[in-house]
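One structure is given below, encoded as structure tokens.
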Amino acid sequence: MADNQRSERFREGNRQFNCTSCGALLHRRFRYTKLVVCEQCRSILYLRRGAVDVLGNQAALADHPSLFQRYHRFAYRNLLLEPVGTLRYGYGRGFWEEWWCLDSDGEGHWISVDEGDFVMEQRQAIEAELPAADALEPGMKIDLMNASWTVTELGTAQLQGMEGELPDIVNPDRHFRYAHMERPGSKLVTLEYNDPSGRPDIYLGEWMDPFEIKAL
Ligand SMILES: [Zn+2]
């Protein structure tokens, strides 16, 4: 109960605005929200200082059974989390989803869901010399954040769609190369190369135990 009350502080009082494409009444529930996808016309709306710009349009995501529902809170160990938006990426063997979830302190967490695998990730604000995407190979060892990681998967992901509220501007045509790296234990790293020869974004993740995800 106390946690529920605390998370209310980070809401903006359910601020309402109209979709600039179709006029539908929409809600922005969190102060960090930058993108909202209109549920009526599927426009991707960029919110800034009172202005609403249309970034693009997208097809609706096909529904599929999901443990998470937008605005339905769940507990995970000592965290109370509320999913507010989703990105879906297609890759070689199917798709995965990234759920943007806020905890009761208003901190954001990305949870990546690939079939039964759940990983909680946070972007790392670090500068590191890393190989270009083309230079990576499965099994390669990489030193990063005082640990030795093994490259376990390489691929290309394509954004298939997004829903709800998101904290970053995401290009509707986004595609990128990625690498997963693991080390013994429950941690993993994902590298995302928006530019294959440039510096990747670095996410540090931890496998979640799905049996400890408790719907509220
Ligand atoms: Zn609309």
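In terms of the working numbering, the sequence shown opens at residue 1 and continues consecutively.
Just so you know, even glycine gets a beta-carbon here, dropped at the ideal spot from N, CA and C.
Since the structure is predicted, the reported quantities are computational estimates derived from the model, not experimental observations.
Is the beta carbon of V56 within less than 8 angstroms of some heavy atom of ligand 1?
The displayed chain sequence assigns Gly, not Val, to residue 56. Checking the Cβ of G56 against ligand 1 gives no.
Nearest-angstrom Cα distance between G23 and Q58?
17 angstroms
Do you know how far the Cα of M208 is from the Cα of E107?
18 angstroms
9 angstroms Cβ cutoff met for P172 and I44:
yes
Just to confirm, does R174 get its C-beta within under 8 angstroms of one of the non-hydrogen atoms of ligand 1?
Taking 8 angstroms as the cut-off, one finds no heavy atom of ligand 1 near enough to the beta carbon of R174.
I need the DSSP call for D134, collapsed to helix, strand or coil.
helix
Closer than 5 angstroms is what we want: which residues have a beta carbon that near any heavy atom of ligand 1? List them in chain order.
C19, S21, C22, A24, C38, Q40, C41, S43
Buried or exposed for G161, please, with buried defined as at least 16 other CB atoms from any protein chain shown within 10 angstroms of its CB.
buried
Proximal residues to Y91 (C-beta, below 6 angstroms), its chain only, five neighbours per side dropped:
G155, A157
My output table needs one value for F74: the three-state DSSP class, helix, strand or coil.
strand
Which residues DSSP lists as bridging D103, in chain order
L81
For the stretch 190-205 against the stretch 50-68, are there 3 or more C-beta pairs whose distance is under 8 angstroms?
no
Assuming contact is defined by CB atoms lying nearer than 9 angstroms, are E182 and T152 in contact in what I supplied?
yes
Sequence-distant residues of its chain with Cβ nearer than 7 angstroms to K214 (five each side left out):
If we look at K214 and ignore the five residues flanking it on each side, its Cβ neighbours are F74, A75.
Along the chain, where does the beta strand (DSSP E) that runs through S43 open and close?
That run of the beta strand (DSSP E) goes 43-48.
Three-state secondary structure (DSSP) of F68:
coil
Check this for me: beta carbons of L96 and P83, under 9 angstroms apart or not?
Per the sequence presented here, residue 96 reads as Trp, with Leu not at that position. No, the Cβ-Cβ distance between W96 and P83 is not below 9 angstroms.
Helix, strand or coil: which one does DSSP assign to S7?
Bear in mind that a pLDDT of 45 at S7, under 50, signals an unreliable position, so the model cannot answer this.
Could you compute how far the alpha carbon of E163 sits from the alpha carbon of C38?
8 angstroms
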